[in-house]
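Count along the sequence shown from 1, then add 1; that gives the number in this note's numbering.
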Amino acid sequence: MRRLLDKVFNNSSKETKLEVPSLPSDLSFSEFNHITKRGYLARKIGQYLDLNVEERDMLFYLSLTSRSFLHSNNDNPSEFILHLSEQMLKWNEQKEDMVQKIEGLKIRDDIQNAMLKAYEMHKQELFSLSYRQLEQSHVVSFNQKDNSEWEVYRDVIFAATQGQFLLISEEEVRKYKTGVVFCEGEIKKRSDIPICRNHAKESLEKQGFSKAKIMSWLLVLSEAITNTIKHAEEGKMTLIENVENNEIRFVIEDKGPGFSLKELPKTTLLAGYSTKKSMGQGFTLMMKMAKQVLLFTSSKGSTIILIFDSCKEKKGDLNATG
């Protein structure tokens, strides 16, 4: 932070600490879209000011803590950058001449140049799509690593869940499927749910995990495979032990239509939020019980990966849950 202070204002203000923010429960999608765009733009401005990754991430996370920075304390360098980012978005909504507005600001040349570069480099993704256009984009493919929109949603959900929920690419799915497969099952009809669950239970018992741990794992597994039947009609369950990372991974793949981008943040971040096409309490439960929840989704199907620590307590240990 001191480095950021020195770079932006050349002063010796005190360093401040920023904790991972919690999104307001009454946050609308329009507001969510606004604060994530603002944070992403601030991070890019920070990049062109030559801030390091940690300092740029701090700007993004700070954006999640407030609906507006237009009337913030401009003596604070982080809030000042977010103020400028929000002002740029406002000018765009008002259809102002962005370059003229930026050049008219009485600020340091390097900050002004960083704003101009951020505008020119990200004009298409940040200053072209209106809220209504974004709302109408139903499902996105999260396997495009150069998809800035995907990066924004990945980062904000990861931050707001304190690292418990992570959107991943199709390439990353293959990485998380490495290890020893010790249980598999197909999910095609409702009667497959108890069959897969029992098969998983028997396989985990053979691996030597405690009863309490197995029961908690099966609870979230049932939630995931039930969702496959509800929304995807067909899928596959795979249980993998990754010795290198001391992890057990439940991989649930389906051939459904994928998750809606505009609903995904609320589905994962707001407890109890539900739509006919969402998982309702599903992701909330998964994040409570699993070490981490990973999701790849596209219009051709989705993959949910539930990660658990593989430390094998004895069967008499009733305290192990995840």
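Cβ coordinates follow ideal geometry from the N, Cα and C atoms, glycine included.
Residue i, buried or exposed, once every other Cβ within 10 Å from all chains shown has been counted against 16
i, result
"L106", "exposed"
"M216", "exposed"
"V182", "exposed"
"Q125", "exposed"
"T162", "buried"
"L71", "exposed"
"P266", "buried"
"P78", "buried"
"K38", "buried"
"V100", "exposed"
Whether residue i touches residue j by CB criterion (7 Å)
i, j, result
"S73", "G40", "no"
"K237", "E187", "yes"
"I46", "A119", "yes"
"L60", "I82", "yes"
"I306", "V252", "yes"
"I103", "M122", "no"
Residue i - partner residues in DSSP beta bridges
i, result
"R250", "I241, I308"
"G334", "Past the edges of the chain, shown from 2 to 323, lies residue 334, and the structure says nothing about it."
"G336", "This structure cannot settle anything about residue 336, because the visible part of the chain is limited to 2 through 323."
"V181", "E242"
Terminal residues of the alpha helix (DSSP H) in which residue i lies
i, result
"Q293", "Taken as a continuous stretch (DSSP letters only), Q293 belongs to no alpha helix (DSSP H), being part of the beta strand (DSSP E) at 293-299."
"L106", "No alpha helix (DSSP H) contains L106, which DSSP labels as neither H nor E."
"D193", "193-208"
"R57", "54-64"
"T285", "283-290"
"H123", "Taken as a continuous stretch (DSSP letters only), H123 belongs to no alpha helix (DSSP H), as it is neither H nor E."
"N93", "78-94"
Extent of the continuous beta strand (DSSP E) to which residue i belongs
i, result
"F166", "166-168"
Own chain residues within Cβ distance below 6 Å of residue i, not counting five before or after
i, result
"F128", "N93"
"L205", "I215"
"L296", "L168, I305"
Residues of its chain near residue i, where Cβ-Cβ distance is below 7 Å and the 5 sequence neighbours each way are ignored
i, result
"E248", "I308, F309, D310, S311"
"D156", "F61"
Neighbourhood of residue i by C-beta, 8 Å cutoff - its chain only, sequence neighbours within 5 removed
i, result
"R4", "No answer about R4 holds up, because its pLDDT of 45 lies below 50 and its placement is not dependable."
"N75", "F81, H84"
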